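Data block below; observations after.
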Amino acid sequence: MRAATLRRTQLAALSRPRLSSAVAYQLTHPPSPSSSCSATQARPRCAYSTSVSSRRPSATAEGLPGIDQYSFTPSADDLSPIAVYDKRVESGVIRGDDHQRRIIQKLEGLHKQLLHYHPPHIARHSGSGFFTRLFSPTPTGPTAPPADAPKGLYLFGDVGTGKTMLMDLFYSTLPPSITRKRRVHFHAFMIDVHKRIHAAKKHLGHGGGDPIAPVARDLAEQAYMLCFDEFQVTDIADAMILRRLMETLLNHGVVIVMTSNRHPDDLYKNGIQRSSFVPTIELLKSQFDVTDLDSGTDYRRLPRALSQVYYDPLNDANRLEVQKIFDSLTDNPSDPVIRHRELETWGRKLIIPESSSRVAKFGFHDLCGNPLSAADYIKVTETFDTIFLLDVPKMGLESKDMARRFITFIDACYESKTKLFVTSEVPIYKVFSDEGQTASDQLQRTMDDLGLSTDLVGSSSMFSGDEELFAFARACSRLVQMGSRDWAETAAR
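Under the numbering used here, the first residue of the sequence shown is numbered 1044, with each subsequent residue one higher.
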């Protein structure tokens, strides 16, 4: 009886409209009546559509839809970063930390500068279309950042240092006067940039010139405050364009705050043609206040009550329990479950085995056994509030590609604050495990840094190289957090 009551309480929480965890303090302090979701956002977190086809506009040269996150509009009397932080500490939402408070003082300083900052005018063009804006004749662009432009922030630290919380806090407290703003996961931002560049090259034709400057100008016109989460460089295509892209954005007066797991000097290590990337590193160090977040505290490992979101092993009892949850979340007669719904993503159709407009159910091989990309997973997690992933196997060396896709999917769920239910062959922390293998020294050091034991996580020789090891460790840490009651309560709002 008590278990049934608890489950009904948890399911009721899941049905509430979601707000970003970035504004956790606002869960008990509603915005003013004038506050609303931006009409330009692909799917505002405070409203839901009733069909998959209408939840997201189709991708166009205007940019990739659905990648801007945390679109909550602060009320006019919104507080500053340090005031909000102190309020959340007082209310017990987070635990106070002197080192973290010093970091927030830097965000506070930038917040105050932005109150009085007016970016330079970027000439608007007579047409509103993408190509009209992109290629209309304009004078030679600026060659240096405006003298009064606030210096951006580059916040770096290991898994669990509170990077995303700090970014959310800063973005949610930006002055209401800043309307041209964008907060986006860096990987999704670069997908958007490459899409724009590809469209521009097609329009220019062979030998038509370099499209990066006009693309950057167009981005600057749309937002002069950019917040990037998880800045990292693993792709030579990104590495080769980043310096020109960042330099042009800064010269147009764009202010950038970014989080990363690495110091600029450690970006794109051992990458192809890394020498060509060194100017980007120097640009980051000279134009940004580079700040180390590591205080030795992993904020994700602080004790929390766990909620039941992972079910192992794969037995009838667990399958039945998860099916009951799915049925409870999809029992609205006006929003029935549809089998084999088609979701359009990047010009192809992804089949959703079972879904309502807000809840989807996949088998593991549906999502990770097929050659899907990060963009596909972003589309899925931005379309559905709650995702059920069934029959996750234990993965060894023969499943390396599936393991990488699973990690990418977990990252997409985490970034979009998606509620996740999983059934798994083994405890979720042991899915990347090679039977009979011992963890490499490098992986063991990474797990030690995260406070994850070999007994808990399992051992794996599947991953090699710094970036792969970090992605694996980050997925483990995020799975720990996503299994907490904090996540169950805030992700569902």
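We put the CB at the ideal spot given by N, CA and C, even for glycine.
Quantities reported herein were computed from a predicted structural model and do not represent experimental measurements.
Burial check for Val-1423: the Cβ neighbour count within 10 Å reaches 16 or more, so the residue is buried. In this structure, the alpha-carbon of Asp-1419 lies about 14 Å from that of Phe-1232. Judged by beta-carbon spacing, Leu-1157 lies within the 8 Å limit of Val-1298, meaning their Cβ atoms are closer than that value.
Note that the stretch 1313-1333 touches the stretch 1277-1292; at least 3 beta-carbon pairs, one per stretch, sit closer than 8 Å.
Linking Ile-1221 to Thr-1451 through their CA atoms gives a straight-line distance of about 32 Å. Within the stretch 1385-1436, complete alpha helix (DSSP H) segments of at least 4 residues are found at 1407-1411, 1417-1426, given in chain order. Contact between Asp-1434 and Phe-1407 holds, since their C-beta atoms are separated by about 5 Å, short of 8 Å. With a contact defined as Cβ atoms closer than 8 Å, Tyr-1197 and Ser-1303 qualify at about 7 Å. Under the three-state reduction of DSSP output, Tyr-1353 falls in the strand class. Secondary structure within the stretch 1444-1480: the beta strand (DSSP E) runs of 3 or more consecutive residues, fully enclosed, are 1462-1467 (chain order). By the Cβ criterion, the stretch 1355-1372 is not in contact with the stretch 1385-1393, since fewer than three pairs of Cβ atoms, one from each stretch, lie closer than 8 Å. Looking only at Gly-1195, Arg-1517, Leu-1357, the smallest Cα-Cα distance to Leu-1269 is reached by Gly-1195. Taking the Cα of Arg-1382 as reference, the smallest distance to any Cα among Asp-1374, Leu-1393, Ser-1371, Glu-1397 is reached at Glu-1397. Using a 10 angstroms sphere on the CB of Thr-1466, the tally of other CB atoms reaches 16 or more, which defines it as buried. Taking C-beta atoms under 8 Å as the contact rule, Ala-1446 and Ile-1421 fail to qualify, at a distance of about 19 Å.
For Asp-1235, the closest alpha carbon among the candidates Thr-1216, Val-1300, Asp-1261 is that of Asp-1261.
Secondary structure of Phe-1271 (DSSP, three-state): strand.
For Ala-1256, the CB contacts under 8 Å within the same chain, skipping 5 residues up- and downstream, are Gly-1184, Arg-1287, Thr-1291 in chain order. Rounded to the nearest whole angstrom, the CA to CA distance from Leu-1432 to His-1161 is 47 Å. For Ser-1329, the enclosing alpha helix (DSSP H) has its first and last residue at 1321-1330. His-1142 sits in a helix when the DSSP states are folded into three classes. Tyr-1197 is bridged by DSSP to Met-1301, Val-1333. If one requires a minimum length of 4 residues, no alpha helix (DSSP H) run lies completely within the stretch 1207-1236. For the pair Pro-1163 and Pro-1189, the CB atoms are nearer than the 8 Å cut-off. Contact between Glu-1468 and Leu-1357 holds: their C-beta atoms lie close to 5 Å from each other, under 8 Å. In this structure Ile-1453 touches Arg-1521 by the C-beta definition: roughly 6 Å separates them, less than 8 Å. Separation of Leu-1372 and Tyr-1457 (C-alpha to C-alpha, rounded to the nearest whole angstrom) is 20 Å. The alpha-carbon separation between Leu-1153 and Pro-1193 amounts to approximately 7 Å. DSSP, read as helix, strand or coil, puts Ile-1165 in coil.
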